[in-house]
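Working notes, beginning with the structure itself.
Chains as they are written, first to last, in our numbering: chain A, 1 to 406; chain B, 1 to 406.
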């Protein structure tokens, strides 16, 4: 049954939710639907840039975008609040401060860290989750460097930085650290040789699943800049002043006040809590991006699970952004009473990992491998491309990355 | 008895010691004396600017000057080490890593904080002593602001800043904080109204001894920018997460993670430890700036005590700099075998207290009172004048303060 002027409610202004909102505010007339966007903050942030904020190599204000800069607030009703629960059978969303009714719902609530029950991780490790947690890491690092010379007995734990996880976030983060640490050393009169940046990864190699030649390149580039890799090692415990890992059956303890956990994310637990049919917390969406049991609920981004052969697609910005085209198209179709919904097809634009601001590795179209400044250039261009799509040339020029040449 | 090519050893590269060194390297020929300068760091810092570094309004590198930029290292033997003890009867100075013999000694070892036995102060309060402790305060403030939104339960103690002491350092520091806090609030998305800057002073008014009209002006200026004054209040205890003060017989506790103690300094305790005749740790020098019992030991700056009528001159940069002219003259006279030593005469150039970067109060020559931008201008010019005297126009342009108009 078609509802006149239906309530379209979008939860979350991450890559998927925000792009869906921006597309719908263009494609739907004001009398066709009431669009409501719910988000915790009044800004969007680029999750894929947070490791730079955490390392302190870019300011967090470059990483975030005020929603009013890209959302047309006369067309979209923005509610700044936190989602507590979705009640899909009642078509309601419970927020901390109010409750919303919807006719069509888009769930784009993103990820949360997964600590796999490793003792002490939640209490003692930092995570690169959002603006608040990322700038805290930057500050925490700087605080330890500032403390170093204020103690009679120098504490090496202040200068050991352990990053758990050698996947994309972990590797990109140590790459930024390799750029940042020499600056911090100069700032606080600390000998660079005393600082350790240690990446601990459970698999036999970092960037598991990536082309071995690219992995080799990445490790060489980072090791040349002082990063230590401990692969085939499992984090066993994070204590307040150290971490313990196990390798080859032996446990090793590293004194550190800074452990950054970058080895696991899961879908926002609200999805599971709200009773959606799920696979490890994610909704296995239909081809048209709707939840299997609800014709009026779309799920996008990190909360959605789509199979790519035998493995699920990884949760990336690229896939969320592409999904937004399908979701926006299908929401519009439902609003207009059509039943022919589009199917989502992933079109890989390649995968690039930065290794600090002046090096990167990756594969682009047709699985072509690229390294070094070419990859850096492509990576930054792809970051800029998103801004262009989201908010036009103005936004790209304001928040984009144009430091190609140093 | 005149020694040929005597060893002139200067301890400390603060205002007094460094200016003495710079004057002597000009006035003494290389064959007349061996000049040795001993300092803990390879840089000089401007103690009177440290409150700005602590607040984060100027970078610590503007506050410090590499010694090699002002000391002629081919004429002066520089020893980077920490003084452990002076043995005036043996004419020796014990350093952490070596021992020096001297024929003429200049003691310019500066101040250390005095906590008057207030419980918890040493462990839980920050002090504005040197570059390391000052940049730590800046970092500590920022760290608390960064933490604020990372905790479920917001902790107001992170945003309460207590400054103990309403003398020069305390007032100048809260003035800088009043400029800095709005920036930090913007940086970390914190409502300015939630931050408290609290100055606690034991006397009935801040800036005790200062002209009442100037005190009134200073308090109004600072209160208008959000500083709270609690006068007639004595700090009783500093705990890890609060301070306790007593006023009108009642004890009040303020939750805070940041207490900065700016209410007391004493002479470097090495003076007392080394057995010099002293008055509360300071050497009551003769008119020619020598210690009463030793003809070959000069004492300068915060370690020296000179009476101004019934009260001692306060330990200021101005007096240390002026003393350096007398000390350098008299060292040269001794080296050259003269016995007619000069007497020190203090010539007050006035007293100015900054209240942030765009306000100040003070008295200049002939006790003329000045306020506002005129006082700010005079204060910055006097800072620049010191740099000019110390290292010429180049140093003044490099490290001076020229932000007169904003």
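Ideal Cβ placement from N, Cα and C applies to all residues, glycine included.
When the options are compared against residue i, the one with the closest alpha-carbon
i, options, result
"residue 126(A)", "403(A), 119(A) and 136(A)", "136(A)"
"residue 342(B)", "359(B), 298(B) and 303(B)", "298(B)"
"residue 268(A)", "239(A), 247(A), 300(A) and 255(A)", "300(A)"
"residue 265(A)", "309(A), 280(A) and 377(A)", "280(A)"
"residue 40(B)", "83(B), 64(B), 197(B) and 151(B)", "83(B)"
"residue 383(B)", "351(B), 369(B) and 367(B)", "351(B)"
"residue 197(B)", "132(B), 165(B), 282(B) and 210(B)", "165(B)"
"residue 369(A)", "85(A), 276(A) and 213(A)", "213(A)"
"residue 27(A)", "360(A), 334(A) and 247(A)", "334(A)"
Residue-level contact to chain A via CB, residue i, 9 Å cutoff
i, result
"residue 146(B)", "yes"
"residue 142(B)", "yes"
"residue 274(B)", "no"
"residue 52(B)", "no"
"residue 136(B)", "yes"
"residue 112(B)", "no"
Pairwise C-alpha distance: residue j and residue i
i, j, result
"residue 380(B)", "residue 401(B)", "6 Å"
"residue 207(B)", "residue 372(B)", "17 Å"
"residue 48(B)", "residue 259(B)", "20 Å"
"residue 362(B)", "residue 55(A)", "44 Å"
"residue 43(A)", "residue 67(A)", "5 Å"
"residue 296(B)", "residue 286(B)", "12 Å"
"residue 243(A)", "residue 119(A)", "10 Å"
"residue 204(A)", "residue 233(A)", "8 Å"
"residue 98(B)", "residue 81(B)", "8 Å"
"residue 230(B)", "residue 140(A)", "32 Å"
"residue 216(A)", "residue 149(A)", "37 Å"
"residue 220(B)", "residue 175(B)", "11 Å"
"residue 143(A)", "residue 155(A)", "13 Å"
"residue 385(B)", "residue 19(B)", "13 Å"
"residue 181(B)", "residue 272(B)", "40 Å"
"residue 365(B)", "residue 347(B)", "10 Å"
"residue 332(A)", "residue 171(A)", "39 Å"
"residue 320(A)", "residue 303(A)", "10 Å"
"residue 153(A)", "residue 256(A)", "15 Å"
"residue 314(A)", "residue 133(B)", "46 Å"
"residue 387(B)", "residue 375(B)", "19 Å"
"residue 109(A)", "residue 270(A)", "8 Å"
"residue 87(A)", "residue 112(A)", "21 Å"
"residue 201(A)", "residue 240(A)", "20 Å"
Strand pairing of residue i, partner residues [DSSP]
i, result
"residue 255(A)", "242(A)"
"residue 487(B)", "Outside the modelled stretch of chain B, which goes from 1 to 406, sits residue 487(B), for which no answer is possible."
"residue 234(B)", "246(B)"
"residue 164(B)", "200(B) and 261(B)"
"residue 74(A)", "Beta-bridge pairing links residue 74(A) to no other residue."
"residue 11(B)", "38(B) and 107(B)"
"residue 43(A)", "66(A)"
"residue 408(A)", "Outside the shown range of chain A (1 to 406) lies residue 408(A), about which nothing can therefore be said."
"residue 80(B)", "39(B)"
"residue 95(A)", "83(A)"
"residue 282(B)", "279(B)"
CB contact below 9 Å: residue i versus chain B
i, result
"residue 188(A)", "yes"
"residue 132(A)", "yes"
"residue 180(A)", "no"
"residue 123(A)", "no"
"residue 152(A)", "no"
"residue 424(A)", "No information on residue 424(A) is available, as it lies outside the stretch 1 to 406 that chain A covers here."
"residue 85(A)", "no"
DSSP-derived helix/strand/coil call for residue i
i, result
"residue 407(A)", "In the structure as shown, chain A begins at 1 and stops at 406. Residue 407(A) is therefore absent and cannot be evaluated."
"residue 318(A)", "helix"
"residue 308(A)", "strand"
"residue 302(B)", "helix"
"residue 370(B)", "strand"
"residue 332(A)", "helix"
"residue 228(B)", "strand"
Listed by chain order, chain E residues near residue i by CB distance under 7 Å
i, result
"residue 139(A)", "Protein chains in the displayed structure are A and B, and chain E is not among them."
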